[in-house]
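One structure below.
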DNA sequence: TACATACTGGACGCGTTGGTATAGGAATAT
DNA sequence: ATATTCCTATACCAACGCGTCCAGTATGTA
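Chains as they are written, first to last, in the working numbering: chain A, 1 to 210; chain B, 211 to 420.
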């Protein structure tokens, strides 16, 4: 667990600015390279802090990494729980798709999310939590939305889970693979929006009630 | 480069069986864990061979890894260059999809293909080659197929590249992500076939000429 | 002021790993 | 038979990275 700077009885309190600087530097480094290549020395240097200070705020490297993952996971959940209600089906799907893609393709999380799995072969529980908080959560929500739309007669879906799978796949396209291979960088908000619209339209062409 | 066992002028020739054993062990290890965690000692032990023998067959760790990647890449190309001609459009697409998915989801390549990118941040040329030999090659072939089908009036495609992207995405679904996160293992041939058929059908529903 | 805690900077122990050196034994071509 | 090359086993080196210790200094509370 992290040593969150809390109330002290006496003495000099921990510098919360340094705490944040360490987290920021660590996030940046973990996002740009796999776990094993990130050195605690680099984290300290990048944060403008002594290595001992890093160890004073976080017990060890794994604890630091877990803290980053946990806060990132929380951020994803917060991002995705926003757009629930809205106009028509197409607009609602595009809104969810935009929120999802902006996290997956448009933030510094994206590189980390794709270097994470290979680094977490030894920690499956954490990987599962990460997946559940991200793509898994979105798919579940989308399955519910498509099922409801089918009940209203707007869509023609046999299997809601598979339909949700298809929709997410159409949104993402080949971007995750390209990012994982280092052949694509961060997407702009315009690209994200465009992908969400196009994927949604293709999805509706395949699943529309005619 | 690999020291392929070649003709000798005199003396004891290199044992090709050991050469293969080293490659097999290395492939298995590189497939199950990222580059940095694979030790040459483990390769030697796993191959039932002395560490010195490994270095006698391959100059260093990177050369060994490159050899694995190159042969794997060649294997992908060979697998995918098979199904070109066939019956109707749907059958041809399903054939290509099955060949593609059986490599991506059904062979030991799949785990390596997803641990590879994070290990190759420092070697973009190799990553690009690997991508081009796999998904890139399929996408190019599919773009040509869909463009031809559109010209024949069978499909309604505005952008052949994007259509190919959509088709591959529908084939893959969430499987690459799940594999990367260790939440899914090798797929059976039946699952591969099923995914190829379903993805193709959804694609055709979205892009059929009506 | 006195005390307690945070931070720095460097040095270091320890384990791991890539790669080398060496010595002895085994297999094969000539 | 002999030279040559392969293979093994072990010891060894250098580099690296995590985590710790320590002495000194800065900065807060009581």
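Ideal Cβ placement from N, Cα and C applies to all residues, glycine included.
From which residue to which residue does the alpha helix (DSSP H) around residue i run?
i	result
residue 188 of chain A	Element bounds for residue 188 of chain A: n/a, residue is neither H nor E.
residue 98 of chain A	89-104
residue 257 of chain B	Per DSSP, residue 257 of chain B belongs to no alpha helix (DSSP H) and is neither H nor E.
Where residue i and residue j are concerned, what is the direct C-alpha to C-alpha distance, given to the nearest angstrom?
i	j	result
residue 306 of chain B	residue 220 of chain B	49 Å
residue 247 of chain B	residue 402 of chain B	31 Å
residue 372 of chain B	residue 13 of chain A	56 Å
residue 228 of chain B	residue 257 of chain B	8 Å
residue 411 of chain B	residue 209 of chain A	16 Å
residue 383 of chain B	residue 101 of chain A	16 Å
residue 236 of chain B	residue 204 of chain A	46 Å
residue 344 of chain B	residue 15 of chain A	50 Å
Is residue i helix, strand or coil by DSSP?
i	result
residue 58 of chain A	strand
residue 418 of chain B	strand
residue 29 of chain A	helix
residue 197 of chain A	helix
residue 365 of chain B	strand
residue 212 of chain A	Residue 212 of chain A falls outside the range modelled here, since chain A spans only 1 to 210, and no answer is possible.
residue 393 of chain B	coil
residue 371 of chain B	helix
residue 344 of chain B	helix
residue 5 of chain A	Since pLDDT at residue 5 of chain A reaches only 45, below the 50 mark, its modelled position is unreliable, and no value is offered.
residue 223 of chain B	coil
residue 168 of chain A	helix
residue 39 of chain A	coil
residue 176 of chain A	helix
Counting only C-beta atoms, is residue i closer than 9 Å to chain B at any point?
i	result
residue 173 of chain A	yes
residue 169 of chain A	yes
residue 13 of chain A	no
residue 205 of chain A	yes
residue 37 of chain A	yes
residue 181 of chain A	yes
residue 177 of chain A	yes
residue 166 of chain A	yes
residue 92 of chain A	no
residue 162 of chain A	yes
Compare the C-beta of residue i with all C-beta atoms of chain A and state if any pair is closer than 9 Å.
i	result
residue 397 of chain B	no
residue 265 of chain B	no
residue 412 of chain B	yes
residue 214 of chain B	Note that residue 214 of chain B has pLDDT 42, beneath the 50 cutoff, so the model's placement of it is unreliable and no number is given.
residue 349 of chain B	yes
residue 276 of chain B	no
residue 240 of chain B	no
residue 338 of chain B	yes
residue 237 of chain B	no
residue 408 of chain B	yes
Please report the Cβ distance between residue i and residue j, rounded to the nearest whole angstrom; I am assuming they are in contact, meaning their Cβ atoms lie under 8 Å.
i	j	result
residue 314 of chain B	residue 406 of chain B	Not really, about 11 Å apart at Cβ, beyond 8 Å.
residue 44 of chain A	residue 53 of chain A	7 Å
residue 206 of chain A	residue 416 of chain B	4 Å
residue 128 of chain A	residue 393 of chain B	6 Å
residue 156 of chain A	residue 150 of chain A	7 Å
residue 89 of chain A	residue 154 of chain A	6 Å
residue 396 of chain B	residue 297 of chain B	That belief does not hold up - the Cβ atoms of residue 396 of chain B and residue 297 of chain B are roughly 29 Å apart, past 8 Å.
residue 352 of chain B	residue 380 of chain B	In fact, because the Cβ distance is near 11 Å, the residues do not count as touching under 8 Å.
residue 22 of chain A	residue 49 of chain A	6 Å
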